[in-house]
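The next block holds one structure in the form of structure tokens; read it before the comments.
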Amino acid sequence: MDQVLDELRRGIMRQQSPFAAGVFSLQGDRLSLECNTVKSSSKPSRHGEINAIDQACRSIGKPNLSGYVLVSSAEPCPMCTATAANANVDAIVFGASRQTVAEAGYQTLQLGCVEMIRLTGQSISVIGGVQSDRCAQALLDNPHP
Ligand SMILES: [Zn+2]
Numbered sequence: 001m002d003q004v005l006d007e008l009r010r011g012i013m014r015q016q017s018p019f020a021a022g023v024f025s026l027q028g029d030r031l032s033l034e035c036n037t038v039k040s041s042s043k044p045s046r047h048g049e050i051n052a053i054d055q056a057c058r059s060i061g062k063p064n065l066s067g068y069v070l071v072s073s074a075e076p077c078p079m080c081t082a083t084a085a086n087a088n089v090d091a092i093v094f095g096a097s098r099q100t101v102a103e104a105g106y107q108t109l110q111l112g113c114v115e116m117i118r119l120t121g122q123s124i125s126v127i128g129g130v131q132s133d134r135c136a137q138a139l140l141d142n143p144h145p
């Protein structure tokens, strides 16, 4: 999560929204680390998680992240959760909750990551609240303009 928070700060310095994610092996080796690029790309799908999953798949040359974990600074939205499920990640780890995302003024959908994974029927572990204080502070210090 430390690396993800560093990437989040790099994104803020580049005038991006305060979200970042990475894909790591179960042993902790990093495959990708990306920030949200919705603003710079003018593409609403360029969430940090999507960028991280895309980059991770590019780096291994296949769209299957079995054996890898998606780590996000905030609770992944339904789009990102579905993409992680389609990529067969073993687990999703996140920091700030979607309630904190909303508190910081960013748009959130009323479907949580755990509920979304349940709907997919896949057995993907979801671990929320990891370094949640630091992740929440990064959001609340950089609210939606
Ligand atoms: Zn998302």
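Read in full-length UniProt numbering, the sequence shown has 40 at position 40, and its numbers run on one by one without any break. Heads up, the beta-carbon is just placed ideally off N, CA and C, and yes, glycines get one too.
Secondary structure at residue i, three-state DSSP: helix, strand or coil?
| i | result |
| --- | --- |
| C77 | coil |
| I92 | strand |
| L111 | coil |
| A104 | coil |
| S59 | helix |
| S25 | strand |
Report yes if the C-beta of residue i is less than 8 Å from at least one heavy atom of ligand 1; otherwise report no.
| i | result |
| --- | --- |
| H144 | no |
| P76 | yes |
| E115 | no |
| E49 | yes |
Would you call residue i buried or exposed, if buried means 16 or more other Cβ atoms sit within 10 Å of its Cβ?
| i | result |
| --- | --- |
| N36 | buried |
| residue 151 | Lying outside 1 to 145, the shown extent of the chain, residue 151 is not represented and no answer is given. |
Whole-angstrom Cβ separation of residue i and residue j, contact assumed at under 8 Å?
| i | j | result |
| --- | --- | --- |
| H144 | A104 | 6 Å |
Just checking residue i against ligand 2 - is the residue's beta carbon closer than 8 Å to any of the ligand's heavy atoms?
| i | result |
| --- | --- |
| I12 | Ligand 2 is not part of the structure shown, which contains ligand 1 as its ligands. |
Is the separation between the beta-carbon of residue i and that of residue j shorter than 9 Å?
| i | j | result |
| --- | --- | --- |
| N64 | A82 | no |
| L8 | A91 | no |
| E75 | G28 | no |
| Y68 | F24 | yes |
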